[in-house]
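Peer 1:
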Amino acid sequence: MGGKCEGNFFSLNEDNVLNSFFVSCVRLRFTPLNYELERRTVHLLRQMLMNSFNQTRAWDALRRTQLLNLVVEALGSRSRLHSLASESTILEDYIRVVELAAEANAFECMRQITLDGSTDAGLFAFFTLLVRIPLLDGGLNLHRACLNSYVRTILLLLSDARSCTLLTRMRLSPMQLLLNSLAQTPLDRQDVSLLGFRGIVQILLGSSQLTKMWVEDFANFDGPAKCLSTIIQWCSMNEDLSAPLCEKSTLLFDIVCLFLSLPDSGRLPCHSLYIYLMSFHWEMEEMEPDPSVYKSTLGLFGLRLLVRAALVAMKRRRLLFYYLSRLLTCAIRIGNADIVAAGLVSGDMVDVLRRYMYYCSEMEEVGVGSVIATIVRLCLMVCASQTRYVKQKNGGPRLCALVVELASSPNTRTLRYTIQTLTLLAGLGNETFFSPSSFPQGCLKNLVNDFNIYLAQVKFSW
């Protein structure tokens, strides 16, 4: 009986919410400027949309009252937005209502906001929130839940095939709207720009499971160049020694990991790869990767972004450089075949690897052996054929020179790890790797000589 009474109690509450909502909707139609009533109605709508039992009735009310359009209009008004933000729970009600509506029926939500494709005013109002929310009083600490809800809403809307068709018919590009919104960010608010790009890449990664059109749109409207510019600007600033890994650097790391998980084709992103890459920021290298990680395709734009960011950070942000370089060695281990095939072993990449290797040696990092092994294996892959070697342009000879440098290092640990890796590779049937005639332009003759001398010394000591 207790269970029955409890069930009746909750049913009564649901009925009360439903009745209160309909009464508020009627009153609001006659007093549209009563903002207190509007807030109460939106709060009741949120409660209804969270209950699957009442969703059908809520949608019926939305169609008849256009309450969803009223919510979007309020969010698109600067003065109303600041008023709603004075109490974060109220702003969250408004944004969460749109998310719940999109979650319940993304296409119907898009139809409501655009009045069945007849107007783009609602979308223009809603898409500017990417920048406006972080700029509100209280900043991200107060409005983080609102921004996360907003990004999820955009993702839901752009992951529906019928919504994509409607937007195409309207000749409206969500990526253009988002990028134009980011262009309004104050110059001294790099955190907002990084937040915005993190949100955009999350949307790209999520929606690419359905379509690559938004990835292509992002490229067509100069998104990659704008993202790179924002990241370079942050990396070129002096490091704050009191907080070397602040939230902005974490956002940058997140953006790079998202792009590395998104293949350049715009299809088949790997979320397991993203999670594994992010673990390197939280110092969880012992985390065992999902098997799908090694079957994934590395995002090559993400790799270019990572190399450029690390190269710039090398001069001014020592700790950020360390984390980015560690991520680079991980990306190389996972996608070395893709990297070499695309000719992306550049001189800049080798400079980053070289500095990182010596940084690890200076700090006596336990993982220096893994870094050296990654460098040597990459060199082996580059030198496997003349075609591969030439495709890397100046990266090929620079990488070979680095391996020679490591094999003749005065640092005992560096020398030992390098020779051990070379010995292991030789033992795995890669003898041709150590033949002077196998290397383009004889670039590793010095290495072969050093290696043979080392082997002779080892045999003599035995």
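Here my numbering is used: position 434 in the sequence shown is 1545, and no number is missing along the way. Glycine residues also receive a C-beta, built at the ideal position from the N, C-alpha and C atoms.
1) With H, G and I counted as helix, E and B as strand and the rest as coil, what does DSSP make of Asn1447?
2) Helix, strand or coil for Ser1361, going by three-state DSSP, please let me know.
3) Report, in whole angstroms, the separation of the C-beta atoms of Ile1366 and Val1423, which I expect to be a contact under 8 Å.
4) With Met1281 as the anchor, note down where its alpha helix (DSSP H) starts and where it stops.
5) Which term fits Ser1407, buried or exposed, when burial requires 16 or more other beta carbons within 10 angstroms of its beta carbon?
6) Residues in its own chain within less than 7 Å of Val1153 by CB, not counting five upstream and five downstream?
7) Classify Ser1496 as helix, strand or coil using the three-state DSSP reduction.
8) Hey, how far is the Cα of Ser1229 from the Cα of Cys1494?
9) Have a look at Ser1270, Asp1271, Leu1241 and Leu1269 and flag the residue whose alpha-carbon is nearest the alpha-carbon of Asn1259.
10) Helix, strand or coil: how does DSSP classify Ile1206 here?
11) Three Cβ pairs or more, each shorter than 8 Å: is that satisfied between the segment 1377-1390 and the segment 1334-1349?
12) Give me the Cβ distance between Phe1412 and Phe1370, rounded to the nearest whole Å; I'm assuming they're in contact under 8 Å.
13) Thinking just about the alpha-carbon of each residue, which of Met1281, Phe1235, Arg1427 and Ser1274 is nearest to the one in Asn1291?
14) Straight-line CA distance for Asp1375 to Leu1414?
15) Could you give the distance in angstroms between the alpha-carbon of Val1303 and the alpha-carbon of Cys1338?
16) CA-CA distance, Tyr1385 and Ser1190?
17) What did DSSP end up calling Glu1147 once you bin it into helix, strand or coil?
18) Within a Cβ cutoff of 8 Å, which residues of the same chain sit near Leu1211, ignoring the five residues on either side of it in sequence?
19) Verify whether the separation of the beta carbon atoms of Leu1439 and Val1418 is less than 8 Å.
20) Would you mind stating whether Ala1172 and Phe1133 have Cβ atoms separated by less than 8 Å?
21) Considering Cα atoms alone, identify which of His1193, Val1137 and Ser1372 is closest to Gln1177.
22) What are the start and end residues of the alpha helix (DSSP H) that includes Pro1400?
23) Tell me whether Asp1333 is buried or exposed, calling it buried when 16 or more other Cβ atoms sit within 10 Å of its Cβ.
24) I'd like to check one pair, Leu1179 with Gln1223: are the Cβ atoms closer than 8 Å?
25) Spatial neighbours of Leu1129 within its chain, please: CB distance less than 8 Å, with the 5 preceding and 5 following residues excluded, ordered by chain position.
26) Any chance the segment 1473-1490 sits against the segment 1526-1535, with 3 or more Cβ pairs inside 8 Å?
27) Ignore the nearest five residues each way along the sequence and tell me which others in Ser1274's own chain have a CB closer than 6 Å to its CB.
28) If you draw a straight line from the alpha carbon of Trp1308 to that of Leu1266, how long is it in whole angstroms?
29) Report yes or no: do three or more beta-carbon pairs, one from the segment 1447-1466 and one from the segment 1500-1510, lie closer than 8 Å?
30) Ordered along the chain, which non-local residues of its own chain (more than five positions away) have a Cβ less than 7 Å from that of Gln1295?
31) Along the alpha helix (DSSP H) that carries Lys1504, what are the first and last residues, could you check?
32) Taking just the CA atoms, how far does Leu1288 sit from Phe1238?
33) Once the 5 residues before and after Asn1127 are set aside, which same chain residues still bring their CB inside 8 Å of it?
34) How is Cys1381 classed by DSSP in three states: helix, strand or coil?
35) How is Ile1486 classed by DSSP in three states: helix, strand or coil?
36) Just the C-alpha distance for Leu1409 and Ala1442, rounded to the nearest angstrom, thanks.
Peer 2: Reading it off the structure:
1) helix
2) The sequence shown places Thr at residue 1361, rather than the Ser named in the question. Helix, per DSSP.
3) The Cβ separation is near 15 Å, so there is no contact.
4) Where Met1281 is concerned, there is no enclosing alpha helix (DSSP H), given that its DSSP letter is neither H nor E.
5) buried
6) Val1182, Asp1204, Tyr1205 and Val1208
7) coil
8) 59 Å
9) Leu1241
10) helix
11) no
12) 6 Å
13) Phe1235
14) 11 Å
15) 12 Å
16) 38 Å
17) helix
18) Arg1157, Leu1160 and Met1161
19) yes
20) yes
21) Val1137
22) Run containing Pro1400: none; DSSP gives neither H nor E here.
23) exposed
24) yes
25) Met1159, Asn1165 and Arg1168
26) yes
27) Ala1217, Phe1218, Met1221 and Leu1268
28) First, the residue type needs correcting, since residue 1308 is Phe and not Trp in the sequence shown. The alpha-carbon atoms of Phe1308 and Leu1266 are separated by roughly 14 Å.
29) yes
30) Val1242
31) Per DSSP, Lys1504 belongs to no alpha helix (DSSP H) and is neither H nor E.
32) 6 Å
33) none
34) coil
35) helix
36) 8 Å
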